[in-house]
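Just below is one structure, and these are the notes that go with it.
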Ligand code: SF4
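Numbering (our numbering), first residue to last: 66 to 300.
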């Protein structure tokens, strides 16, 4: 079956669940080729601009693929620089998605530093809602989630049903180790966010991201000191 406008949500869900099992041992490129066979260009990549591995892989199977970047207004300058460099150097179409309110408008409405007082509300307005809006035109989206990122991501399937968005979710590098990622970066000479060589393990908004301490997993520097591990985009 390939997906068209008549494909129902139930059919898409079954497709995702079957593919999650059948493609478990497939390479990232094979998984993305499957996406092209199923969805044509009706899918996108979501990138935090930590590195360009997934964007590069996707551009090889679908030149011009849409790459979504959620510009929360709180990013490090290095991350904005990465977004601009990706747009300039890779054959992808970067779509920068803005929240409905600027940071100044959010501060005026809810008070300054909402991220300290209520990160759930801040992420809901600056990440979750913009992502929901950005994904509306597609039947599937691809993320760079990896099982090695954290204990909470250990069960990530290479293809899964994203019930929240009603879309197929592709996690083509779910099984990759840190060494696999580095080998791909080295082999293709890819851009990497400079913060990753300055002690950060995962790149998010500046107020909610700190450098890693020895022995911590890659996402431990996100919302450190709280029980929070995800912003709501992937759960
Ligand atoms: Fe706000 Fe922090 Fe979430 Fe960014 S990561 S949207 S600053 S709470």
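Using N, Cα and C, we set each Cβ at its ideal position, and we do this for glycine too.
- Task: Compare the C-alpha of residue 137 against each of 164, 74, 225, 79 and name the closest.
- Result: Locating residue 137 in the chain shown gives position 72, where the first residue counts as 1. When each option's Cα is compared against that of residue 137, the closest is 164.
- Quick one: Cα of residue 245 to Cα of residue 102, how far? As a first step, residue 245 must be located in the chain shown, where it is residue number 180. As a first step, residue 102 must be located in the chain shown, where it is residue number 37. Those two C-alpha atoms are separated by around 26 Å.
- Query: If we count the other Cβ atoms within 10 Å of its Cβ and call it buried at 16 or more, is residue 279 buried or exposed?
  - Reply: By one-based count along the chain shown, residue 279 stands at place 214. Counting Cβ neighbours within 10 Å, residue 279 comes out exposed, since fewer than 16 surround it.
- Item | Minimum C-alpha distance to residue 284 - residue among 191, 193, 115 | Start at 1 with the first residue of the chain shown, and residue 284 comes out as number 219. The shortest C-alpha separation from residue 284 is found at 115.
- Message: Considering only the alpha carbon of each residue, which of 289, 119, 196, 140 lies closest to residue 255?
- Response: As a position in the chain shown, residue 255 is number 190, starting the count at 1. When only C-alpha atoms are compared, the closest one is 119.
- Query: Does DSSP classify residue 174 as helix, strand or coil?
  - Reply: Here residue 174 refers to the residue found at position 109 when the chain shown is read from its first residue. Residue state, collapsed to three classes: helix.
- Classify residue 181 as buried or exposed, calling it buried when 16 or more other Cβ atoms lie within 10 Å of its own Cβ. Here residue 181 corresponds to residue number 116 of the chain shown, with the count starting at 1. Around the beta carbon of residue 181, fewer than 16 other beta carbons sit within 10 angstroms, so the residue counts as exposed.
- Task: Rank 166, 132, 206 by C-alpha distance to the C-alpha of residue 188 and give the top, closest one.
- Result: Translated into positions along the chain shown, residue 188 becomes position 123. Minimum Cα distance to residue 188 is reached at 166.
- Message: Less than 8 Å separating the Cβ of residue 269 from some heavy atom of the ligand SF4?
- Response: Residue mapping note: residue 269 aligns to position 204 of the chain shown, counting from 1. Because some heavy atom of the ligand SF4 lies under 8 Å away, the Cβ of residue 269 counts as near it: yes.
- Roughly how many whole angstroms lie between the Cα atoms of residue 194 and residue 201? The residue given as residue 194 occupies position 129 in the chain shown. The residue given as residue 201 occupies position 136 in the chain shown. Cα-Cα distance, rounded: 11 Å.
- Under the three-state reduction of DSSP, which class applies to residue 185: helix, strand or coil? If you number the chain shown from 1, residue 185 lands on position 120. Three-state result, residue 185: helix.
- Task: With residue 94 as the anchor, note down where its beta strand (DSSP E) starts and where it stops.
- Result: Within the chain shown, the letter at position 29 stands for residue 94. Run containing residue 94: none in the beta strand (DSSP E); it sits in the alpha helix (DSSP H), 93 to 104.
- Query: If you draw a straight line from the alpha carbon of residue 134 to that of residue 160, how long is it in whole angstroms?
  - Reply: Taking the first residue of the chain shown as position 1, residue 134 is located at position 69. Taking the first residue of the chain shown as position 1, residue 160 is located at position 95. When rounded, the distance between both Cα atoms is 6 Å.
- Message: Output needed for residue 95: all residues of its chain with C-beta closer than 8 Å, excluding positions within five of it in sequence on either side, in chain order.
- Response: Looking up residue 95 in the chain shown gives position 30. Closer than 8 Å at Cβ, skipping near neighbours: 88.
- Message: Going by C-alpha to C-alpha distance, which of 107, 220, 213, 206 sits closest to residue 227?
- Response: Walking along the chain shown from the start, residue 227 turns up at place 162. Measuring from the Cα of residue 227, the nearest candidate turns out to be 206.
- Rounded to the nearest angstrom, how far is the Cβ of residue 236 from that of residue 144, given a contact under 8 Å? The sequence position of residue 236 within the chain shown is 171, counting from 1. The sequence position of residue 144 within the chain shown is 79, counting from 1. Wrong, their Cβ atoms sit about 21 Å apart, outside the cutoff.
- Task: Please name the residue or residues paired with residue 268 in a DSSP beta bridge.
- Result: Numbered from 1 along the chain shown, position 203 holds the residue referred to as residue 268. Answer is none; residue 268 lacks a bridge partner.
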